[in-house]
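Numbering of the sequence shown is given in UniProt numbering, commencing with residue 1 and proceeding in unit increments.
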Amino acid sequence: MTELLILYYSQGGAVKEMAQLMARGIEGVTGAKARIRTVPKVSANCETTEPDIPASGAPYATLQDLEECAGLALGSPTRFGNMAAPMKYFLDGTSGLWLKGALIGKPAAVFTSSGSMHGGNEMTLLTMMIPLMHHGMLMVGLPYSEPQLGTTTTGGTPYGASHIGGAMDDRPISEDEKKLCMTLGKRLAETALKLQ
Ligand SMILES: Cc1cc2nc3c(=O)[nH]c(=O)nc-3n(C[C@H](O)[C@H](O)[C@H](O)COP(=O)(O)O)c2cc1C
């Protein structure tokens with residue numbers, strides 16, 4: 001079985017829901033399986049640390065998860081037009097993998113949720129790609145042959161999957177957003193299988 005790592009951070013739950021949709025897309029591909037992991041919050045208070053195992057939800061990712069998986073889907077909320085600090089903090093701890101070239105040639109895809117339509121979600125997707133490209137990963141996006149990409153009035157971009165939560169973050173994931181999340185997971189899994 002080819003395992004794909006879905007590594008996400010979510011505070012309000014939108015990116016977490018997108019991660020589950022990505023997993024559905026991955027597991028719709030014969031021979032592919034999703035491994036879902038998250039990262040802990042970061043805090044300016046260095047005297048307390050999060051427990052090793054979160055009280056609920058996905059386990060925290062380890063470097064071994066990245067090394068073992070055949071591909072990566074990376075998800076983060078948009079924060080000031082960029083990925084959230086906990087995800088960046090986790091990625092900043094991957095130098096050992098970079099030195100070994102452990103991720104070179106593996107496919108990767110990115111997804112995000114933002115409050116507003118033009119609040120930097122595409123910038124977040126593009127900048128999330130940068131550390132992955134330093135690792136030598138091969139980016140997988142969404143082509144315009146996916147009809148939802150041309151017609152969506154919510155999220156969905158060629159650079160990756162996106163969701164627009166609204167100012168109160170209370171908009172459900174739209175049908176177009178759902179379909180594009182699942183399609184991105186499927187494309188990632190199919191690419192990983194072809195590359196093996
Ligand atoms: C510190 C902070 C910064 C944010 N910056 C942006 C932003 O630049 N653009 C935007 O559209 N939304 C922004 N948001 C809203 C989040 O992207 C949005 O609520 C997202 O859906 C949260 O995902 P989650 O439910 O998975 O945590 C920000 C939220 C926080 C807390």
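C-beta atoms are modelled at their ideal positions from N, C-alpha and C, and glycine is treated no differently.
Since this is a predicted model, take the numbers as computed values, not measurements.
For residue i, is the classification buried or exposed, using 16 other Cβ atoms within 10 angstroms of its Cβ as the cut-off for buried?
i, result
"Ser10", "buried"
"Ser162", "buried"
"Ala167", "exposed"
"Asn45", "exposed"
"Ala55", "exposed"
"Ile173", "buried"
"Pro86", "buried"
"Leu21", "buried"
From this set, the options, which residue's C-alpha is nearest residue i's C-alpha?
i, options, result
"Gly71", "Ser95, Gly96, Asp92, Ala32", "Ala32"
"Gly81", "Ala55, Leu97, Ser113, Ser56", "Ser113"
"Gly155", "Ser145, Val140, Arg171", "Arg171"
"Leu126", "Gly165, Leu195, Val110, Met137", "Val110"
"Pro143", "Ser95, Lys186, Glu3", "Lys186"
"Ala108", "Ala23, Asp169, Ala73", "Ala73"
"Ser43", "Leu4, Pro77, Phe90, Gln20", "Phe90"
"Met137", "Thr191, Gln64, Pro77", "Thr191"
"Arg24", "Leu188, Gly93, Leu195, Pro158", "Leu188"
"residue 197", "Leu5, Ala14, Pro40", "There is no way to answer for residue 197, as the model of the chain reaches only from 1 to 196."
"Leu97", "Leu63, Gln148, Thr151", "Leu63"
With respect to the beta strand (DSSP E) encompassing residue i, which residues constitute its N-terminal and C-terminal limits?
i, result
"Pro107", "107 to 114"
"His134", "That residue, His134, is in no beta strand (DSSP E); its alpha helix (DSSP H) goes 121 to 134."
"Ser10", "Ser10 -> no beta strand (DSSP E), and no H or E assigned at all."
Is residue i near ligand 1 - that is, is its Cβ less than 7 Å away from at least one heavy atom of it?
i, result
"Val15", "yes"
"Gly120", "yes"
"Gln11", "yes"
"Arg37", "no"
"Asp170", "no"
"Pro143", "no"
"Thr154", "no"
"residue 247", "What the structure shows of the chain is the stretch from 1 to 196, and residue 247 is not part of that stretch, so it cannot be assessed."
Can you give me the start and stop residues for the alpha helix (DSSP H) that residue i sits inside?
i, result
"Lys41", "It is not in any alpha helix (DSSP H) - Lys41 carries neither H nor E in the DSSP assignment."
"Glu177", "175 to 195"
"Leu89", "Looking at the sequence itself, residue 89 is Tyr, so the reference to Leu does not match. Where Tyr89 is concerned, the enclosing alpha helix (DSSP H) stretches over 85 to 92."
"Gly150", "147 to 151"
"Leu66", "63 to 68"
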